[in-house]
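Residue numbering for the first sequence follows the working numbering, beginning at 57 and increasing consecutively. Backbone N, C-alpha and C fix where the C-beta goes; we use that ideal spot for every residue, glycine too. Note that the structure is predicted; figures quoted are calculated from it, not measured.
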Amino acid sequence: MAEATAAEIPPYRYDAQLAAQIESCWQDRWAASAIHETPNPVGLLASEQDSADTAGKLFVMDMFPYPSGSGLHVGHPLGYIATDVYVRFKRMCGFNVLYTMGFDAFGLPAEEHARQTGQHPRANTEANIDNMRRQLDRLGLSHDKRRGVATTDVDYYRWTQWIFLQIFNSWFDSDTCRARPIAELVEEFSNGVRPMPDGGRWERLSSAEQRQLIDSHRLAYVADAPVNWCPALGTVLANEEVTNEGRSERGNHEVFKRPLSQWMMRITAYADRLLQDLELLDWPESVKTMQRNWIGRSEGALIRFATTGGAEAPAGGSVAPAVEIEVFTTRPDTLFGTTYMALAPEHPLVDQLTAEAWPDSAAESWKGDAATPRQAVAAYRARAADMSDAARGDSKTGVYLGVNAVVPFSNVAVPVFIADYVLMGYGTGAVMGVPGEDQRDHDFAEAYGLKVIRTVQPPADHPEHLAYTGDGPSINSLFLDGSNVAESKALILQRLQEADAGQSVVNYRMRDWLFSRQRYWGEPIPIVFDEHGPVALPEELLPLELPELMDWAPRALARDSDPEPPLGRVNEWLDVELDLGDGLRRYRRELNTMPQWAGSCWYYLRYLDPTNPEVLVDPEVESYWMTNSTNGPEVGLEGSGGVDLYVGGVEHAVLHLLYARFWHKVLYDLGHVSGPEPFKRLINQGYIQAYAFKDSRGVYVPADEVEGSVEAGFNHQGHPVTRELGKMGKSLKNSVTPDDMYVSYGADTLRLYEMFMGPIDQDRPWETRSVVGSQRVLQRVWRNIIDESSGELRVSEDPPDQELLRLLHRTIDAVSRDMEAMRFNTAIAKLTELNNELTRRGEPTPREVADVLVRMLAPLVPHFAEELWHCLNGADAHSVTQAKFPVADAGLLVADTVEVPVQLNGKIRGRVTITADADEATAVAAALAEPNVAAHVAGRELRKQLYVAGRIITLVV
RNA sequence: GCCCGGAUGGCGGAAUUGGCAGACGCAGCGGACUCAAAAUCCGCCGCCCGUGAGGGUGUGAGGGUUCGAAUCCCUCUCCGGGCACCA
57 MAEATAAEIP PYRYDAQLAA QIESCWQDRW AASAIHETPN PVGLLASEQD
107 SADTAGKLFV MDMFPYPSGS GLHVGHPLGY IATDVYVRFK RMCGFNVLYT
157 MGFDAFGLPA EEHARQTGQH PRANTEANID NMRRQLDRLG LSHDKRRGVA
207 TTDVDYYRWT QWIFLQIFNS WFDSDTCRAR PIAELVEEFS NGVRPMPDGG
257 RWERLSSAEQ RQLIDSHRLA YVADAPVNWC PALGTVLANE EVTNEGRSER
307 GNHEVFKRPL SQWMMRITAY ADRLLQDLEL LDWPESVKTM QRNWIGRSEG
357 ALIRFATTGG AEAPAGGSVA PAVEIEVFTT RPDTLFGTTY MALAPEHPLV
407 DQLTAEAWPD SAAESWKGDA ATPRQAVAAY RARAADMSDA ARGDSKTGVY
457 LGVNAVVPFS NVAVPVFIAD YVLMGYGTGA VMGVPGEDQR DHDFAEAYGL
507 KVIRTVQPPA DHPEHLAYTG DGPSINSLFL DGSNVAESKA LILQRLQEAD
557 AGQSVVNYRM RDWLFSRQRY WGEPIPIVFD EHGPVALPEE LLPLELPELM
607 DWAPRALARD SDPEPPLGRV NEWLDVELDL GDGLRRYRRE LNTMPQWAGS
657 CWYYLRYLDP TNPEVLVDPE VESYWMTNST NGPEVGLEGS GGVDLYVGGV
707 EHAVLHLLYA RFWHKVLYDL GHVSGPEPFK RLINQGYIQA YAFKDSRGVY
757 VPADEVEGSV EAGFNHQGHP VTRELGKMGK SLKNSVTPDD MYVSYGADTL
807 RLYEMFMGPI DQDRPWETRS VVGSQRVLQR VWRNIIDESS GELRVSEDPP
857 DQELLRLLHR TIDAVSRDME AMRFNTAIAK LTELNNELTR RGEPTPREVA
907 DVLVRMLAPL VPHFAEELWH CLNGADAHSV TQAKFPVADA GLLVADTVEV
957 PVQLNGKIRG RVTITADADE ATAVAAALAE PNVAAHVAGR ELRKQLYVAG
1007 RIITLVV
């Protein structure tokens, strides 16, 4: 059978076998000649050769992958292929392009996978990286291999720790709105330039108090806060890592709020800058919107309410100081519609406020069936604590504290409740209940029989049972009456300020970033503790290496257990004797590690100067690659700096991309980078989807074992199954691996197919049976240049005729523009059209055409093009990588004559061929002479005529 | 509920942003070559009427602007994504 096959298939046909030979041959030669290595302007990676003739620099990146170990499917490399095609194109246009790929190897995914396979995370991670490298190398990606860092490299995380120390040793100066070294804060406090928060004097504080004050200003700080504890993962999680349903983003496990002492990053200090600087970025609008929503800026007012009644004076004390409740509201204009007050159950004032006994005014429904307010509060709190945030969702419940609050100006007393629907985490954890203008408050008021006072006049047809949130004149509002919402807001704010009862304020939804993880596989935090708190390790002690632990798995997996960092199991590591300036002393190490996001916050910077032992990145190298003002005609986006093009999945819209922007801004403030933003242009590549099949029980069956068709129905081992479209992956049993495609078609065919499937940012369904189309295209190109049976060139030395030459240059023009705009699907279509014309002619291809065609194909199918390039130019020729991308001859783009459609009363009635520079009269005359047009005009009077040059002739009769 | 995207042949998609709807590919149909099949090459391929030339109709639905609308405006339907007691 093998013989028969060999006899039938021409020996030099471009098939999977030949493709594999070509691909491995050229990959070896490219590697040997270091052809993809990109020089830096200075430093260890500078080149001796002068590279002055380049068109400029370009820094292109993919979001680096987690080496998760289950290997790649064909959906993973979509973005990588796209960047590689673009990078190769730009190199051929003369750009000095930085392009490489690293691995995000610390963190939960890698450790969870290691846990499942039982291997040590380091061994597992290294094996996974090797496997992924092999799969990716096979695609022929033109990475500069010298620059591909892994976040788990000691040489890399040494600098992650260094950045942590930079952040720890900084504070946010809200006057200048930027981070400054902590030493400057100490200086300002001690020399009196900056007033102390409590009005005291720096020298009067003990050294422990001084440290406490300073520590409370740091951008990285330890705080006791309610955090997201995920027992199943054995760690706490950032808000960004918890889903709306109150479960872990990774693994979908239960998450509970519990107070713990944890490392936090003061990202909230940067909320406004993170928001404003989005304007500088060329990012998808949807990602910007997600970040805006996450930051959640809202303008409103803080209003203070006095309270009456309530708890008696503390034992032994005199009179209890008047307790004030502070609320945040975006609608201060509705103040006089306040008919109750509601606090979060966890609100710190609740204990002070709660009365000993129910006052006479208390309605039965407010008491929660309890004998005293304290009992009611205790019962209600116990119930609330047991529920996740999400579960607290739907109900509108609460209990009365037995105490009243007083509305400023009107002096109306309103009852104070604690209520589920008020969240401690937003605003002040207390709201003024305004049933007239807020639907949630309206629901609550209805449930507890509270009054509804409208303070904005609703339209006549507004239903009685609904809150009115629109604009209108204020009513029932004393001095606000008659003003509209905006006017009333301004007016009440002014009066509140004068009365010292409130002020305008900006509130954010975003919280500080919880930075500790009770996990082994992460960067150790370079901090030790003495009896007063955290002490930074000096830079000389970096890297602080992660100890090799055999017993690394998390243990605390029960719901009520406490987090237990694995690093605490190593006694000799836990306690350490150091001389940090005060002589040799014992310290206790920080046992938590950094979250998965730490390493990915700055890897793009290390790509620039990966081997620099002195600094994170040489400033000259950094500003060379990260300044993009000279590059591209974009208006209004200059000055952000950053990676020229960043491609990755939309799933990182708020996590990685927000954290990285935050770190970059801190580094910018401290003078370590030259611009305020890390990624100037962002593209989210779409997902590759695939059909998945379910049997009658609803269980997924392997998609590659399913037979049948849409018409005939699908079946698996004789049983009918149903088809659906979903994300490719193990869970849907619908993965197709690149390795499968390499065996059947070769890497270049896979590249071409993935780029041809559709626009880069669109989801698209994978169809293995369509891949053959891309292979056939390459086979036809091959046949137009190489004789399949002899392997000889099929190229003529004659110049192409005018018609072919014009087609060639039209193709160059269109393909260049498509490549620049990353519209690879249409670029491929146009190349296919040109090649189809060559096939149609059936003659040997003119060398000039073959040469240009091969160069245009080189970015898309680099091995294939390299092979043909050397067939055309001899084995000793330089690489097609170093050839110039063809430039269209403008003179050949305009034809002498054009065929123009004729539109009569809105319908196309024919086509006429006229000279390209014909005027309207000539064009219309030609149109009227066209038989079919003439027949339709049939003597009627021409009412209107129009000629859009080269496009259309429009006639109206 | 709010905010973004989408919807074009049997399928993936194209249309220079208001100017020939369906490029290119898959699938399908017909032909050439072949003893035959595969491969290759040539042709057809939205729907309806017509032998044909051609005519009608057609870009989720309805309306509008325009000489001209897949593209702009209004109303609606469906699909995908994000946010959601955020005071």
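Compute the distance between the beta-carbons of residue i and residue j, then report whether it is under 8 angstroms.
{"i": "Gly150", "j": "Ala206", "result": "no"}
{"i": "Met784", "j": "Trp822", "result": "yes"}
{"i": "His199", "j": "Tyr142", "result": "no"}
{"i": "Met188", "j": "Leu128", "result": "yes"}
{"i": "Leu890", "j": "Leu909", "result": "yes"}
{"i": "Thr901", "j": "Asn840", "result": "yes"}
{"i": "Glu922", "j": "Val905", "result": "no"}
{"i": "His919", "j": "Ile78", "result": "yes"}
{"i": "Ser830", "j": "Tyr798", "result": "no"}
{"i": "His169", "j": "Ser103", "result": "no"}
{"i": "Val470", "j": "Arg387", "result": "no"}
{"i": "Ser572", "j": "Val292", "result": "yes"}
{"i": "Asp725", "j": "Arg234", "result": "yes"}
{"i": "Val1013", "j": "Leu1002", "result": "no"}
{"i": "Pro682", "j": "Ser617", "result": "The question names Pro, yet the displayed sequence has Met at residue 682. No; because the gap between Cβ atoms is not below 8 angstroms, this pair is not in contact."}
{"i": "Leu399", "j": "Ile474", "result": "yes"}
{"i": "Glu595", "j": "Trp218", "result": "yes"}
{"i": "Lys789", "j": "Val833", "result": "no"}
Could you give the first and the last residue of the continuous alpha helix (DSSP H) run that contains residue i?
{"i": "Met321", "result": "It is not in any alpha helix (DSSP H) - Met321 instead sits in the beta strand (DSSP E) that spans 312-321."}
{"i": "Thr173", "result": "164-173"}
{"i": "Ile270", "result": "263-271"}
{"i": "Gln408", "result": "406-409"}
{"i": "Glu923", "result": "918-929"}
So residue i and residue j are supposed to be a Cβ contact under 8 angstroms. How far apart are they, rounded?
{"i": "Arg353", "j": "Ala327", "result": "7 angstroms"}
{"i": "Thr410", "j": "Pro429", "result": "5 angstroms"}
{"i": "Ala501", "j": "Val508", "result": "6 angstroms"}
{"i": "Ile964", "j": "Val954", "result": "Incorrect: roughly 15 angstroms between the Cβ atoms, too far for contact."}
{"i": "Ser51", "j": "Ala944", "result": "Examination of residue 51 is not possible in this model, given that the chain is present from 57 through 1013 alone."}
{"i": "Asp631", "j": "Arg644", "result": "6 angstroms"}
{"i": "Val336", "j": "His309", "result": "Residue 336 is actually Leu in this sequence, not Val. Contact flag wrong, Cβ pair sits at about 38 angstroms."}
{"i": "Ala72", "j": "Gly802", "result": "5 angstroms"}
What residues are listed by DSSP as bridge partners for residue i?
{"i": "Ser226", "result": "Pro237"}
{"i": "Val591", "result": "Val584"}
{"i": "Lys750", "result": "Tyr756, Thr778"}
{"i": "His772", "result": "Val762, His775"}
{"i": "Lys789", "result": "Paired residues: none, contrary to the question."}
{"i": "Met397", "result": "Val472, Met488"}
{"i": "Arg303", "result": "Glu310"}
{"i": "Asp338", "result": "Arg737"}
Would you kindly report the start and end of the unbroken beta strand (DSSP E) that includes residue i?
{"i": "Glu633", "result": "631-635"}
{"i": "Leu114", "result": "112-118"}
{"i": "Trp285", "result": "276-286"}
{"i": "Pro471", "result": "469-475"}
{"i": "Asn460", "result": "454-462"}
{"i": "Asn152", "result": "151-154"}
{"i": "Arg965", "result": "963-971"}
{"i": "Leu293", "result": "291-293"}
{"i": "Ile351", "result": "Careful: Ile351 lies outside any beta strand (DSSP E), inside the alpha helix (DSSP H) at 341-351."}
{"i": "Thr139", "result": "From DSSP, Thr139 is part of no beta strand (DSSP E) but of the alpha helix (DSSP H) over 134-148."}
{"i": "Thr953", "result": "953-960"}
(message) Quick check on the DSSP output: what are the complete alpha helix (DSSP H) runs of length 4 or more inside the segment 509-559, in order along the chain?
(response) List check, alpha helix (DSSP H) in window: 541-554.
(request) Report the residue ranges of all alpha helix (DSSP H) runs contained in full by the segment 644-727; include only those spanning at least 4 residues, in chain order. (result) For the segment 644-727, the full-length alpha helix (DSSP H) segments reaching 4 residues or more read 653-656, 659-664, 675-682, 712-725 along the chain.
(request) Jot down the residue ranges of each uninterrupted alpha helix (DSSP H) in the segment 848-903, minimum 4 residues, whole runs only, in chain order. (result) 858-876, 880-897, all fully within the segment 848-903.
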